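Colleague: Residue numbers (this note's numbering): 6 to 76. Ideal placement from N, C-alpha and C gives every residue a C-beta, glycine not left out. Bear in mind the structure is a predicted one, so any value in this text is a computation, not a measurement. Encoded as structure tokens, here's the structure I'll be asking about.
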């Protein structure tokens with residue numbers, strides 16, 4: 006599916022609306038996203054709120070690796 010291709014080239018994935026599911030479901034979703042996206046940083050969010058620096062400074066991402074990829 007299309008989402009698989011997008012995740013395969015992503016270097017940052019935002020899991021939004023995490024307030025609407027329990028912790029176990031969040032863990033399951035995160036594991037699935039990691040399977041599809043590989044080394045991309047996966048960030049949980051509520052109302053799409055994330056630290057804007059994560060978008061512009063890859064060194065601040067949880068994985069600590071800087072990647073340059075485009076769709």
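By alpha-carbon positions, which one of 6, 7 and 13 ends up nearest to residue 41?
Modeller: It is 13.
Colleague: Exposed or buried, which one is residue 51 when buried takes at least 16 other CB atoms within 10 Å?
Modeller: That one is exposed.
Colleague: For residue 35, which residues in the same chain have their Cβ closer than 6 Å to its Cβ, ignoring the five residues on either side in sequence?
Modeller: Closer than 6 Å at Cβ, skipping near neighbours: 47.
Colleague: Suppose the cutoff is 8 Å on Cβ atoms and the five residues either side in sequence are ignored; what does the same chain contact list for residue 32 look like?
Modeller: None.
Colleague: So residue 46 is in the beta strand (DSSP E); what residue range does that whole segment cover?
Modeller: Here the beta strand (DSSP E) through residue 46 covers 46 to 49.
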